[in-house]
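Each remark here refers to the structure printed beneath this line.
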Amino acid sequence: MSGRRITPTSIKSRPPLAPDLHLGPVTTRSATLEWSYPSDQSIPHEPIPSKDAIIFKLETRLASTSVSESVVHYQGQDMTCTAEGLFPQEGYIARLITEWVDPPQNAQPSIVQLEFRTSDESELHRASAQLQRAVAENDSSKASMLLDRHGKELSLETRDKYGRTLLMSACQNGGPELVSALVEHGADVEAKTASGKTPLISSRFSRHNTTNDRM
1099 MSGRRITPTS IKSRPPLAPD LHLGPVTTRS ATLEWSYPSD QSIPHEPIPS
1149 KDAIIFKLET RLASTSVSES VVHYQGQDMT CTAEGLFPQE GYIARLITEW
1199 VDPPQNAQPS IVQLEFRTSD ESELHRASAQ LQRAVAENDS SKASMLLDRH
1249 GKELSLETRD KYGRTLLMSA CQNGGPELVS ALVEHGADVE AKTASGKTPL
1299 ISSRFSRHNT TNDRM
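Okay, so the sequence shown: first residue is 1099 according to my numbering, each after it adds one.
Structure below.
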């Protein structure tokens, strides 16, 4: 049966229909969670509420602690949240609480939860080393995969023994796809070497015009 999005009135005496909670990318210190209602509602007596009639609250807590120690990461009407400030290699429970915006007295919320585990910091160290190797080998596909998976946690400004950032090395290697990937993930195009060279200057000295166009 097709879902009907309505503004609840009398049905507010019951908890609102809870959305499905999904786990997105998980890093050593963060986890992205998303929630959604099915496009086809198969429960005729549980209509999907209109977006402006409900409010969501996302909490997390360590699996070893009680609900009273939950941390609230988001409250509003969006349907995604990145929970940050987590600890590496720990088990967590995420709870999504769905409430009516103007609930009647004694109204109960809907609650769904899921368990997940943050990754080990050693994985991040390995990813950092793999990214440096990918840049040195001008492997844009490998670098893009690592950046997509760990980009927010990897430092793109780490310098090699010559004082070059990853972007400087990429510019000198002359890989335009690699340069684009690093720039899109926040690499500093204004960073300078001890002699004052920026990545753009490095690429010009290397005569890689296609690289220049990406910056």
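Ideal Cβ placement from N, Cα and C applies to all residues, glycine included.
Check the C-beta distance from residue i over to residue j and give it rounded, since I have them as a contact under 8 Å.
i     : j     : result
A1292 : G1261 : 5 Å
L1156 : A1181 : 7 Å
G1174 : I1153 : 7 Å
Roughly how many whole angstroms lie between the Cα atoms of residue i and residue j?
i     : j     : result
H1283 : K1149 : 32 Å
Y1172 : N1271 : 43 Å
S1242 : A1279 : 6 Å
L1244 : A1268 : 15 Å
I1248 : E1235 : The residue asked about is misnamed: residue 1248 is His in this sequence, not Ile. Cα to Cα, H1248 sits roughly 19 Å from E1235.
V1170 : L1194 : 10 Å
E1197 : K1259 : 55 Å
L1222 : F1185 : 13 Å
S1134 : P1117 : 5 Å
S1217 : L1276 : 26 Å
P1136 : T1296 : 50 Å
K1240 : A1227 : 12 Å
V1281 : E1255 : 11 Å
Classify residue i as helix, strand or coil using the three-state DSSP reduction.
i     : result
P1274 : helix
V1281 : helix
V1169 : strand
D1118 : strand
R1305 : Low confidence applies to R1305: its pLDDT is 48, below 50, so where it sits in the model is not reliable enough to give any reading.
K1250 : coil
R1231 : helix
A1289 : coil
A1161 : coil
Among the options, which residue has its Cα nearest to the Cα of residue i?
i     : options                    : result
G1183 : L1280, E1275, E1288, V1124 : V1124
G1294 : P1207, L1245, P1136, M1266 : M1266
C1179 : F1214, E1132, L1276        : E1132
V1210 : I1191, T1126, K1290, H1223 : I1191
T1163 : T1126, E1213, Y1135        : E1213
R1257 : R1127, G1189, A1161, V1233 : V1233
L1229 : L1160, L1252, D1200        : L1252
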